[in-house]
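One structure is given here, and the rest of the page talks about it.
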C-alpha cells in the first residue's frame with residue numbers, strides 16, 4: 002500500500018495494490034484500489050479496478066479500468 006499524506010506531493014508514477022491520496026499526485030497511478038481522500042488531489046492518468054473519491058477529493062485527468070480477466074470455459078471433446 003502507498004499512502005500520500007496531506008502535505009505529501011508525488012510527481013511521477015505509482016504502482017501498488019492500494020493507493021490512498023490525501024495530498025497531491027501528479028502523474029500516473031496503476032493500482033487495484035485507489036482512494037482519493039477529502040482534500041486529496043490527483044492530476045494525470047489512473048488505471049484502476051476500484052476507485053473511490055471522497056467528498057471534496059479532486060481528480061483531473063484520464064481514468065482507465067484495468068482489463069477484466071475472463072476465464073474461458075474448457076471445451077468438451079467432440080466425438
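Numbering (my numbering), first residue to last: 2 to 80. All C-beta atoms in this analysis are idealised placements derived from N, C-alpha and C, irrespective of residue type, glycine included. Since the model is a prediction, treat every value here as computed from it, not as a measurement.
Beta strand (DSSP E) containing residue i: first to last residue?
i	result
residue 51	42-54
residue 19	10-22
Look at the Cβ atom of residue i, then the Cβ atom of residue j, and state whether they are nearer than 8 Å.
i	j	result
residue 49	residue 26	no
residue 45	residue 57	no
Where does residue i sit, in a helix, a strand or coil, going by DSSP?
i	result
residue 1	The question about residue 1 has no answer here: the residues shown for the chain are numbered 2 through 80.
residue 28	strand
residue 33	strand
Might you give, ordered along the chain, the residues of its own chain that have their beta carbon closer than 8 Å to the beta carbon of residue i, omitting 5 neighbours on each side?
i	result
residue 38	21, 22, 23, 55, 58
Please report the Cβ distance between residue i and residue j, rounded to the nearest whole angstrom; I am assuming they are in contact, meaning their Cβ atoms lie under 8 Å.
i	j	result
residue 29	residue 2	Between residue 2 and residue 29 the Cβ distance is about 17 Å, and since that is not below 8 Å, they are no contact.
residue 68	residue 51	Not quite, the Cβ-Cβ distance comes to about 14 Å (not below 8 Å), so this is no contact.
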